[in-house]
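Asker: Let me begin by handing over the structure; questions about it come next.
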Amino acid sequence: MLSFFIVLINPNGINGALYPLRIFSNYGYPIVENQNVFFLSERISNHLVTYFFIISPVIIITIFYLIFRRKILESLLLTGMFSFSVFQIRHFPFLVLTVIPFASWMIHSLYFYIHKLFKKINLTSYRNSIILLFLFIISFLSFFFFDNSYSNTFDSDKRFGFGFEENEKEATDFILKHNLKGNVFNNFDIGGYLVYRFYPKYQLFIDNRPEAYPSDFVQNIYIHMQEKIDLQNSIFKKYDIKTVVFSHTDQTPWAQQFISRISQDNNWKLVFLNSRIIIFTQNTKLPDLRDNRLFFKKSIDKENSYLNLLRFSGIFNSLHIDDLANYAFKKAEKLGIDSCSIKRNIVMQMKNSIYFSQVDNYKRSSFWCF
Numbered sequence: 005m006l007s008f009f010i011v012l013i014n015p016n017g018i019n020g021a022l023y024p025l026r027i028f029s030n031y032g033y034p035i036v037e038n039q040n041v042f043f044l045s046e047r048i049s050n051h052l053v054t055y056f057f058i059i060s061p062v063i064i065i066t067i068f069y070l071i072f073r074r075k076i077l078e079s080l081l082l083t084g085m086f087s088f089s090v091f092q093i094r095h096f097p098f099l100v101l102t103v104i105p106f107a108s109w110m111i112h113s114l115y116f117y118i119h120k121l122f123k124k125i126n127l128t129s130y131r132n133s134i135i136l137l138f139l140f141i142i143s144f145l146s147f148f149f150f151d152n153s154y155s156n157t158f159d160s161d162k163r164f165g166f167g168f169e170e171n172e173k174e175a176t177d178f179i180l181k182h183n184l185k186g187n188v189f190n191n192f193d194i195g196g197y198l199v200y201r202f203y204p205k206y207q208l209f210i211d212n213r214p215e216a217y218p219s220d221f222v223q224n225i226y227i228h229m230q231e232k233i234d235l236q237n238s239i240f241k242k243y244d245i246k247t248v249v250f251s252h253t254d255q256t257p258w259a260q261q262f263i264s265r266i267s268q269d270n271n272w273k274l275v276f277l278n279s280r281i282i283i284f285t286q287n288t289k290l291p292d293l294r295d296n297r298l299f300f301k302k303s304i305d306k307e308n309s310y311l312n313l314l315r316f317s318g319i320f321n322s323l324h325i326d327d328l329a330n331y332a333f334k335k336a337e338k339l340g341i342d343s344c345s346i347k348r349n350i351v352m353q354m355k356n357s358i359y360f361s362q363v364d365n366y367k368r369s370s371f372w373c374f
């Protein structure tokens, strides 16, 4: 009861206290972490979703065991976390933290039950062997994190070690250095970082807080203007937008449609491109990179990250520069021999080639990627 009254101590009173329960009522942008496991499993390859399905039987058994042992509160807590995780993968971390103690307690209880059931068997020696085996497995698997094999296989930018990366810093430095004109149209993914770098010099279009924007704005303005050029031109004129800063790794269909369209519009100059960001602008003396294919090729040649090369391949596809897209992918293929993304792409190519009969064998040899 005391906690309830403490929650009410906020500037918005009862509305502020209930806001977390109503946050999705006006949530116009479909972000990945808010999707359910079945939706994602059919559309993208996400190893965390795969792990969820693998450990689900253990979780369900633990829930029934808790009920059997009359641990009603604990079973409700685990059932709740499991249900939340099914409907939104953003709850995965909380599920793991809930499962570990309850599953450990179940295993511990079952151990003593078996020990009592088979008194004549000396389980102490088995227990020590199991502990040693468990420690060996943990140590062995940890090695794949320490040498970044896990990251290289499942295509993660995260590497073992210290530090952080500002992936958009090069692009924002470029804009500030050249003092590009007008307000900025940006996509959802990088809005927060752009606010941090540009405020108050530049006015931005959106940031990555979907709950802060009306659903009508997100659906009927932000998304539709990327699909419809008339609406785009109207909004750009209304808000004096002269510069576009876009994360081209955005895989939404409307983002890809927008990039493809504006890249063919001669009213806009492509003045910056790296493995993550593309910048178009107007009213500038900066050269148009579309007239300098050598710049694109040099960007590929000096890149040694297979993930960045895959991103280059994707953006060159959107820019309809197919030869450079293929050039970037071939280099990525040589560097990322363990990459699941590359293996899945190879399978797609094999299905449309004379090697289609070898697809099943190839997938079995790298089953963890499929």
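The working numbering puts the first residue of the sequence shown at 5, with every later residue one more than the last. By construction, the Cβ of each residue, glycine as well, lies at the ideal position given by its N, Cα and C atoms.
Taking C-alpha atoms, which residue in I282, D295, W258 lies nearest to N270?
Answerer: Here residue 270 corresponds to residue number 266 of the sequence shown, with the count starting at 1. When each option's Cα is compared against that of N270, the closest is D295.
Asker: Threshold first: 3 residues or longer. Then list the beta strand (DSSP E) segments lying entirely within the segment 275 to 313, N to C.
Answerer: Taking only runs of at least 3 residues, the beta strand (DSSP E) segments lying wholly in the segment 275 to 313 are 281 to 285.
Asker: Per DSSP, what are the beta-bridge partners of T247 in this structure?
Answerer: The count along the sequence shown starts at 1 and reaches residue 247 at position 243. Partner(s): V188, T285.
Asker: Mind checking whether L277 and L293 have CB atoms under 9 Å apart?
Answerer: The residue given as residue 277 occupies position 273 in the sequence shown. The residue given as residue 293 occupies position 289 in the sequence shown. Yes, they are a contact pair.
Asker: For K273, does the three-state DSSP call read helix, strand or coil?
Answerer: Reading the sequence shown from its first residue, position 269 is the one you call residue 273. K273 falls in the strand class under three-state DSSP.
Asker: Under the rule that 16 or more other beta-carbon atoms within 10 Å means buried, what is E37, buried or exposed?
Answerer: Taking the first residue of the sequence shown as position 1, residue 37 is located at position 33. Counting Cβ neighbours within 10 Å, E37 comes out exposed, since fewer than 16 surround it.
Asker: If I measure Cβ to Cβ from G196 and keep anything under 6 Å in the same chain, skipping five residues before and after, which residues do I get?
Answerer: Position 192 of the sequence shown, counted from the start, is the residue given in the question as residue 196. Correct list, in chain order: D211, N212.
Asker: Tell me the start and end of each unbroken alpha helix (DSSP H) in the segment 114 to 186 that is at least 4 residues and wholly inside, in chain order.
Answerer: Counting only runs of 4 or more, we get 127 to 150, 153 to 158, 173 to 182.
Asker: What is the residue span of the alpha helix (DSSP H) that E231 lies within?
Answerer: Position 227 of the sequence shown, counting from 1, holds the residue named residue 231. Per DSSP, E231 belongs to the alpha helix (DSSP H) from 228 to 231.
Asker: Tell me the rounded alpha-carbon separation between F333 and F262.
Answerer: Start at 1 with the first residue of the sequence shown, and residue 333 comes out as number 329. Start at 1 with the first residue of the sequence shown, and residue 262 comes out as number 258. Using only the alpha carbons, I get a separation of about 23 Å.
Asker: When you compare the CB positions of L328 and I304, do they come within less than 9 Å of one another, or not?
Answerer: Within the sequence shown, residue 328 is the residue found at index 324, counting from 1. Within the sequence shown, residue 304 is the residue found at index 300, counting from 1. Contact flag set, yes.
Asker: Quick one: Cα of D161 to Cα of K185, how far?
Answerer: Position 157 of the sequence shown, counted from the start, is the residue given in the question as residue 161. Position 181 of the sequence shown, counted from the start, is the residue given in the question as residue 185. In a straight line, the C-alpha of D161 is about 33 Å away from that of K185.
Asker: What is the rounded straight-line gap between the Cα of Y331 and the Cα of F300?
Answerer: Position 327 of the sequence shown, counted from the start, is the residue given in the question as residue 331. Position 296 of the sequence shown, counted from the start, is the residue given in the question as residue 300. Rounded to whole angstroms, Y331 to F300 spans 11 Å at the Cα level.
Asker: So for F98, helix, strand or coil by DSSP?
Answerer: Residue numbering aside, residue 98 sits at position 94 when the sequence shown is read from its first letter. Helix at F98.
Asker: So, at 6 Å on beta carbons, what are the nonlocal neighbours of T66 in its own chain, with the 5 sequence-adjacent residues on each side left out?
Answerer: As a working note, residue 66 is residue 62 in the sequence shown. These residues qualify, in order along the chain: F106, A107, M110.
Asker: Does DSSP put L80 in a helix, in a strand, or in coil?
Answerer: For this step, residue 80 is matched to residue 76 along the sequence shown. Reduced to three states, the DSSP call for L80 is helix.
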